[in-house]
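Enquirer:
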Amino acid sequence: MSLPHETQTLWTRLRAAGAVAGEAPARNDGLPWYLAGLIGVSAWIAAGLLFGFFATLFDQIWRSPDVAVAAGALCIAAALALLRIARGREFFEQSAIALSLVGQLLVGIGFSEWFGDTAGWAGSAAVALVLYVSGAQTMQRFLCGAVFAAAVVAICNELDTSGYGPSRITLPVLAWLAFAAWWRAEYEDLRTLPVSPLAWALSLAALSMAIVGDMLWADSAEICDSMFHAWDEDIYSDSDPCLPAFGWIEPLAMAMLLPMTALRLAGPFRPLPLLCAIVFALVWRHVPGVNLGVMLMLVAFASNRPALLAISAIGTAFYLVRYYYQLDVPLLEKSQWLLAGGVVLLTIRFVLMRAVQGGRT
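Taking my numbering, the leading residue of the sequence shown gets 21, the next gets one more, and so forth.
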């Protein structure tokens, strides 16, 4: 079985320094993956049934925020203790992770009742980050990252007062957080806190938001057709003339991200990647999600992460197919937009490569 990316990177550094020789030793996980998976599923089922039993028996948990927070704190404390005591035992580890997730849910419910929705989600995000730092299991950290991403989405929606569904700033915020997490993950070693699970959670949340965000943005009467209207700003103009301006937030914010994943240029060439990225983002602004997919692919290339490259490529392909098969834009016009985007992308690559070569000479 292949080693984790962080372990492989550390071994490569040690080999380059002459401290070790040869390939890294094979990973020995003990149980086969299918047995570990079955044990994990059984643990989650047991934890879900136990939670349902207590929720039915003590229905005041859902009525009193004090009881909800206290019960959530007890679940979290028990989960952390179980993770440390039963390390290496799949059933108890997965049970502890499920218990931790239930505890975060109860604490979030209590915080929302105490402080309101926005402060409640902020408290849930803080609890998730604390558990991420204190946890020692990759799956637990990933789920804490997922809770944090969900809290970020909810906070963005609460802060947006337009009242027309998911906020248009949600996708850029998730994308920027994902990029920051991947950038920090490049400096991981065995002595630092792993950030890769958080980066994965934020990246998957951003990809999901790019897929369903525009669909949820439309009015309930247009929900069935909105998946094919993400590029059509006219569906919003009747309700509020200011709403089409929100369509510019995502491409411009994503355009600011794209050059940060490219090579670092010095001197007068420093603004060049930003200008190229803005052109690219505006040309393909009618194809939602492509900028995010390209950004994640660049991150995957830069950090040598095949799994991230595959996921981002699949997401980008889905966004392109989704745009190509909608019926509101003529086929010739769609082909022209896609052709223009491809030409611009190749032109940007040529310009950046010439700039890098000129800067080195």
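Using N, Cα and C, we set each Cβ at its ideal position, and we do this for glycine too.
Here the structure is a predicted model, which is why all the values come from computation and not from measurement.
#1: Please state whether DSSP places ALA106 in a helix, a strand or coil.
#2: Ordered along the chain, which non-local residues of its own chain (more than five positions away) have a Cβ less than 6 Å from that of LEU328?
#3: For chain B, check one thing: does any of its Cβ atoms lie closer than 8 Å to the Cβ of LEU34?
#4: Can the beta-carbon of ALA201 be found closer than 8 Å to that of LEU224?
#5: Looking at the structure shown, is ASP254 part of a helix, part of a strand, or coil, going by DSSP?
#6: Buried or exposed: GLY42, going by 16 or more other Cβ atoms within 10 Å of its Cβ?
#7: Leaving out five residues on either side along the sequence, give the residues of the same chain with a beta carbon under 8 Å from the beta carbon of TYR464.
#8: DSSP on VAL61, reduced to helix/strand/coil?
#9: Does DSSP classify ASN324 as helix, strand or coil?
#10: Taking 8 Å as the cut-off, decide whether the C-beta atoms of GLY7 and PRO85 are in contact.
#11: Quick one: Cα of ILE189 to Cα of VAL153, how far?
#12: Given this structure, state the Cα-to-Cα distance separating ALA36 from THR29, to the nearest angstrom.
#13: Is any heavy atom of the ligand HEM found at a distance shorter than 7 Å from the C-beta of ALA97?
#14: Rounded to whole angstroms, what is the Cα-Cα separation between VAL61 and THR336?
#15: Select from VAL122, ALA174, MET229, LEU340 the residue whose C-alpha is nearest the C-alpha of ALA88.
#16: Taking C-alpha atoms, which residue in VAL310, LEU70, ALA219 lies nearest to LEU197?
#17: Below 7 Å CB to CB, which residues in the same chain sit around PHE162 once its five sequence neighbours on both sides are set aside?
#18: Under a Cβ-count criterion, where at least 16 other Cβ atoms within 10 Å of its own Cβ denotes burial, should ALA205 be classed as buried or exposed?
#19: If you check the beta carbons only, do MET315 and PHE168 fall under 8 Å apart?
#20: For ARG374, count neighbouring C-beta atoms within 10 Å of its own C-beta (all shown protein chains included) and say buried if the count is 16 or more, exposed if not.
#21: Check this for me: beta carbons of LEU102 and GLY155, under 8 Å apart or not?
#22: Name the two residues that bound the continuous alpha helix (DSSP H) containing ALA146.
#23: Suppose contacts are defined by Cβ-Cβ distances below 8 Å. Is ALA66 in contact with SER115 by that definition?
#24: Report the CB separation of LEU340 from VAL310 in whole angstroms; it is logged as a contact under 8 Å.
#25: Quick one, which of PHE71, TRP141, TRP203 has its alpha-carbon nearest SER323's?
#26: Just tell me which of PHE112, CYS164, VAL172 has its CA closest to the CA of ALA139.
#27: Rounded to the nearest angstrom, how far is the Cβ of ALA230 from that of LEU179, given a contact under 8 Å?
#28: As a quick exercise: from GLN160, PHE71, LEU312, pick the residue whose alpha carbon is nearest that of LEU194.
#29: Does the distance from the CB of ALA63 to the CB of ALA97 come in under 8 Å?
#30: Report back the beta-carbon spacing between GLN157 and GLU110 to the nearest angstrom; my notes put them in contact at under 8 Å.
#31: Going by other Cβ atoms of all chains shown within 10 Å of its Cβ, with 16 needed for buried, is PRO326 buried or exposed?
#32: Among residues of its own chain, excluding the 5 on either side of LEU100, which ones have a beta-carbon nearer than 8 Å to its beta-carbon?
Expert: Per the coordinate set shown:
#1: What you label residue 106 is simply residue 86 of the sequence shown in a count that begins at 1. Three-state DSSP puts ALA106 in coil, outside helix and strand.
#2: Within the sequence shown, the letter at position 308 stands for residue 328. Excluding residues within five positions, the ones whose Cβ falls inside 6 Å are ALA320.
#3: Absent from the structure is chain B; it holds one protein chain and no more.
#4: As a first step, residue 201 must be located in the sequence shown, where it is residue number 181. As a first step, residue 224 must be located in the sequence shown, where it is residue number 204. Cβ distance not < 8 Å, so ALA201 and LEU224 don't count as in contact.
#5: Position 234 of the sequence shown, counting from 1, holds the residue named residue 254. At ASP254 the pLDDT is 45, less than 50, meaning the model places this residue with poor confidence and gives no usable figure here.
#6: Residue numbering aside, residue 42 sits at position 22 when the sequence shown is read from its first letter. By the 10 Å Cβ count, GLY42 comes out exposed.
#7: One cannot answer for residue 464 here, as it falls past the ends of the chain, which runs 21 to 381.
#8: Within the sequence shown, numbered from 1, the residue matching residue 61 stands at position 41. VAL61 falls in the helix class under three-state DSSP.
#9: Locating residue 324 in the sequence shown gives position 304, where the first residue counts as 1. Coil at ASN324, not helix or strand.
#10: Since the first and last residues shown for the chain are 21 and 381, residue 7 lies out of range.
#11: Along the sequence shown, one-based indexing puts residue 189 at 169. Along the sequence shown, one-based indexing puts residue 153 at 133. Each residue's alpha carbon lies about 27 Å from the other.
#12: As a first step, residue 36 must be located in the sequence shown, where it is residue number 16. As a first step, residue 29 must be located in the sequence shown, where it is residue number 9. Whole-angstrom Cα-Cα distance: 11 Å.
#13: In the structure on display, the ligand HEM does not appear, and there are no ligands present to speak of.
#14: Taking the sequence shown and counting its residues from 1, one reaches residue 61 at position 41. Taking the sequence shown and counting its residues from 1, one reaches residue 336 at position 316. The alpha-carbon atoms of VAL61 and THR336 are separated by roughly 31 Å.
#15: By one-based count along the sequence shown, residue 88 stands at place 68. Of the listed residues, the one whose Cα sits closest to ALA88 is VAL122.
#16: As a first step, residue 197 must be located in the sequence shown, where it is residue number 177. With distances taken between Cα atoms, LEU197 lies closest to ALA219.
#17: For the purposes of this step, residue 162 is identified with residue 142 of the sequence shown, where counting begins at 1. Cβ within range, chain order: PRO217, TRP220, ALA221.
#18: For the purposes of this step, residue 205 is taken as the residue at position 185 of the sequence shown. Buried, since its Cβ has 16 or more Cβ neighbours within 10 Å.
#19: Position 295 of the sequence shown, counting from 1, holds the residue named residue 315. Position 148 of the sequence shown, counting from 1, holds the residue named residue 168. No, the Cβ-Cβ distance between MET315 and PHE168 is not below 8 Å.
#20: Translated into positions along the sequence shown, residue 374 becomes position 354. Under this definition ARG374 is an exposed residue.
#21: Taking the first residue of the sequence shown as position 1, residue 102 is located at position 82. Taking the first residue of the sequence shown as position 1, residue 155 is located at position 135. The answer is no: Cβ separation not under 8 Å.
#22: To locate residue 146, count along the sequence shown from 1; it is residue 126. Counting along the chain, the alpha helix (DSSP H) containing ALA146 begins and ends at 137 to 154.
#23: Along the sequence shown, read from residue 1 onward, the residue named residue 66 stands at position 46. Along the sequence shown, read from residue 1 onward, the residue named residue 115 stands at position 95. Contact flag set, yes.
#24: As a first step, residue 340 is located in the sequence shown; it is residue number 320 there, counting from the start. As a first step, residue 310 is located in the sequence shown; it is residue number 290 there, counting from the start. About 7 Å; that satisfies the 8 Å criterion.
#25: On the sequence shown, position 303 is the one that residue 323 refers to. For SER323, the nearest C-alpha among the options comes from TRP203.
#26: Start at 1 with the first residue of the sequence shown, and residue 139 comes out as number 119. Of the candidates PHE112, CYS164, VAL172, the one whose C-alpha sits nearest the C-alpha of ALA139 is VAL172.
#27: Numbered from 1 along the sequence shown, position 210 holds the residue referred to as residue 230. Numbered from 1 along the sequence shown, position 159 holds the residue referred to as residue 179. Contact flag wrong, Cβ pair sits at about 20 Å.
#28: As a working note, residue 194 is residue 174 in the sequence shown. Checked all of GLN160, PHE71, LEU312; the closest Cα to LEU194 is LEU312.
#29: Translated into positions along the sequence shown, residue 63 becomes position 43. Translated into positions along the sequence shown, residue 97 becomes position 77. No, the Cβ-Cβ distance between ALA63 and ALA97 is not below 8 Å.
#30: In the sequence shown, the residue the question calls residue 157 occupies position 137. In the sequence shown, the residue the question calls residue 110 occupies position 90. Wrong, their Cβ atoms sit about 11 Å apart, outside the cutoff.
#31: In the sequence shown, counting from the first residue as 1, residue 326 sits at position 306. Result: exposed.
#32: Here the question's residue 100 lines up with position 80 in the sequence shown. Closer than 8 Å at the Cβ level, and outside the excluded window around LEU100, lie ALA116, SER120, LEU151, SER154, GLY155.
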